[in-house]
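Numbering of the sequence shown is given in UniProt numbering, commencing with residue 1 and proceeding in unit increments.
See below for the structure under consideration.
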Amino acid sequence: MLKLTDVNAYYGYVHALKGITLSVPRGKIVTLLGANGAGKTSILKAISGILEVRDGHITFEEAHLTSVRPEHIVARGIVQSPEGRQIFPELSVNENLMIGAYTRTDKKDIKTTLEKVYGYFPRLKEREKQTAGTLSGGEQQMLAIGRALMAKPKLLLLDEPSLGLAPLIVKDIFHIIQEINKSGTTILLVEQNAYQALAIADYGYILETGKIVHRGPANELRNDEKVKQAYLGSL
């Protein structure tokens with residue numbers, strides 16, 4: 001569904017992504033793991049068209065994305081829920097969600113998607129008229145994911161959805177991610193909670209300083225003693 005082939009990207013003179021090659025098959029959950037600064041978020045930015053790709057190719061459903069503008073990438077079905085949530089705190093829950101649907105042309109279907117989002121996140125339904133800035137951290141994360149779902153993505157990019165959340169909320173978030181995937185949405189998950197991510201993912205990539213250093217089926221990475229000792233303990 002999504003393929004990156006020998007992708008290189010820079011922030012000024014800093015070589016952020018160094019020959020990244022990976023794929024995300026349709027219907028799967030793929031996770032990117034690594035310490036801060038490893039290049040995980042940079043990969044999502046490159047896919048979304050926010051970070052310019054200097055060399056290499058990105059294709060989605062066989063179409064090249066490398067020079068496509070971010071808003072057109074969203075329209076093609078790739079939607080990101082960013083790190084730090086980045087909700088609109090002064091707007092209501094419902095208004096935040098509706099903003100997520102701004103690229104859609106099937107206006108009659110938006111209400112159906114909204115009800116589906118409220119089905120995943122009943123707490124958002126209870127607070128639909130509440131100002132988003134007054135929500136708890138977990139509720140704001142749910143809102144950020146829900147807003148992304150309003151764009152009806154084929155591929156959902158999730159950047160650190162468990163960051164700063166209590167363990168019980170993290171468990172809820174990961175359960176919902178699985179439910180979203182089971183409903184037919186492919187997911188690329190960036191996460192520092194390595195064990196939790198590998199528990200729900202089908203495949204994983206581990207990054208160090210802009211390079212992929214390990215890859216494999218998630219259950220194999222999770223149970224590989226060398227990977228555990230070298231990476232999972234510090235992620």
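Ideal Cβ placement from N, Cα and C applies to all residues, glycine included.
Collapsed DSSP secondary structure at residue 127 in the structure displayed: Coil, per DSSP.
Uninterrupted alpha helix (DSSP H) stretches inside the segment 161-190 (no shorter than 4 residues): Unbroken alpha helix (DSSP H) runs of no fewer than 4 residues, entirely contained in the segment 161-190, are found at 167-182, following chain order.
Residue 110: first and last residue of the uninterrupted alpha helix (DSSP H) it sits in: 110-120
Inside the segment 192-219 only - alpha helix (DSSP H) runs reaching at least 4 residues: 194-200
Proximity below 9 Å, CB of residue 157 to CB of residue 148: Yes, Cβ-Cβ distance for residue 157 and residue 148 is below 9 Å.
Straight-line gap, residue 137 to residue 32 (C-alpha atoms, nearest Å): Cα atoms of residue 137 and residue 32: separation of roughly 23 Å, rounded to the nearest angstrom.
Alpha carbon of residue 173 to alpha carbon of residue 36, nearest angstrom: Between residue 173 and residue 36, the C-alpha separation is close to 21 Å.
Residue burial classification, residue 2 (beta-carbon count within 10 angstroms, cutoff 16): buried
Start-to-end residues for the alpha helix (DSSP H) that takes in residue 51: Run containing residue 51: none; DSSP gives neither H nor E here.
Per-residue DSSP class, three states only, for residue 136: coil
According to DSSP, residues forming a beta bridge with residue 80: 157
Where residue 53 falls, given that 16 or more other Cβ within 10 Å makes a residue buried: So residue 53 ends up on the buried side.
Residue 97: first and last residue of the uninterrupted alpha helix (DSSP H) it sits in: From DSSP, the alpha helix (DSSP H) with residue 97 extends over 93-99.
Residues near residue 26 by beta carbon distance below 6 Å, same chain, minus five either side: Only 1, 186 meet the Cβ criterion.
Residues near residue 234 by beta carbon distance below 8 Å, same chain, minus five either side: For residue 234, the predicted structure reports a pLDDT of 49, less than 50, and the residue's modelled location is therefore unreliable. A value from the coordinates is still provided. Taken in chain order, the residues that qualify are 35.
Exposed unless 16 or more other CB atoms sit within 10 angstroms - verdict on residue 223: Residue 223 should be labelled exposed.
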